[in-house]
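A.B. asks: Residue numbers (my numbering): -5 to 224. Heads up, the beta-carbon is just placed ideally off N, CA and C, and yes, glycines get one too. Since the structure is predicted, the reported quantities are computational estimates derived from the model, not experimental observations.
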């Protein structure tokens, strides 16, 4: 994992779940940027059971390469609702033991691609600690499975930002409506918006990185944290 925080004081904690390419320089950069705004940030390696260190080199590899996908997809498939929940509890518990974390303030959590559903499971597992959740081009937030992430919304106390990729919405236009209805039915504030960008647009090393839309998503996240984690 990568833990970064301001040099002095206690601050609200943020837990970041990377996409399928895992913990790498781009996500360290995003974590540091968030810390520079006054948060104590933990960016995790979601694949720590199978792999230590960097699992994807954006400088030399492309996710579109079948060999790269063949290496990364099994790492993602080794995770499930149970591992995601136990990891969330452990990571937030670790954060709450750090001197730079203000445990009187709520925790924020964000996730990208496969990290989106983990954010929702984190908020459902720790409703009294998680005050804000952000999903950016998250996949599988609404499924037909009995453990679909959206079914945890009644347990949550967090405010949410769900930034949907345009091509994900074109493929599955119903999910955003299910999310809107479920958050509303449970009186949970949620900003759900389809961005004119492709799946994966937020990380700066992404092949489809869209700076303007990534900055918009970042600004909406900062606005959410500014109120929900105050």
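For the beta strand (DSSP E) that contains residue 34, what are its first and last residues?
C.D. replies: Stepping through the chain shown from its first residue, residue 34 is reached at position 40. Per DSSP, residue 34 belongs to the beta strand (DSSP E) from 34 to 37.
A.B. asks: How many angstroms separate the CA atom of residue 218 from the CA atom of residue 1?
C.D. replies: Stepping through the chain shown from its first residue, residue 218 is reached at position 224. Stepping through the chain shown from its first residue, residue 1 is reached at position 7. When rounded, the distance between both Cα atoms is 24 angstroms.
A.B. asks: The beta strand (DSSP E) that contains residue 103, what's its start and end?
C.D. replies: Walking along the chain shown from the start, residue 103 turns up at place 109. That run of the beta strand (DSSP E) goes 101 to 106.
A.B. asks: Sort out for me which residues DSSP pairs residue 11 with in a bridge.
C.D. replies: One-based indexing of the chain shown puts residue 11 at position 17. Beta-bridge pairing links residue 11 to 105.
A.B. asks: Quick check: the Cα distance between residue 48 and residue 68, rounded to an integer number of angstroms?
C.D. replies: Position 54 of the chain shown, counting from 1, holds the residue named residue 48. Position 74 of the chain shown, counting from 1, holds the residue named residue 68. Taking the straight line from one Cα to the other gives about 15 angstroms.
A.B. asks: Rounded to whole angstroms, what's the CA-CA distance from residue 144 to residue 114? Just pull it up for me.
C.D. replies: The sequence position of residue 144 within the chain shown is 150, counting from 1. The sequence position of residue 114 within the chain shown is 120, counting from 1. Rounded to the nearest angstrom, the two C-alpha atoms are 7 angstroms apart.
A.B. asks: Count the other CB atoms, across all protein chains shown, that sit within 10 Å of the CB of residue 42; report buried if there are 16 or more and exposed otherwise.
C.D. replies: Walking along the chain shown from the start, residue 42 turns up at place 48. It is exposed - the Cβ of residue 42 has fewer than 16 other Cβ atoms within 10 Å.
A.B. asks: When you compare each of 98, 126, 156 to residue 221 by their alpha carbons, which one comes out closest?
C.D. replies: Here residue 221 is taken as the residue at index 227 of the chain shown, counted from 1. If we check each option's Cα against that of residue 221, 126 comes out closest.
A.B. asks: Would you tell me roughly how many angstroms separate the C-alpha atoms of residue 29 and residue 11, rounded to the nearest one?
C.D. replies: On the chain shown, residue 29 is found 35 positions in, with the first residue counted as 1. On the chain shown, residue 11 is found 17 positions in, with the first residue counted as 1. Each residue's alpha carbon lies about 15 angstroms from the other.
A.B. asks: Taking the alpha carbon of residue 46 as the point to measure from, which residue in 156, 15, 101 has its own alpha carbon closest?
C.D. replies: As a working note, residue 46 is residue 52 in the chain shown. The shortest Cα separation from residue 46 among 156, 15, 101 belongs to 15.
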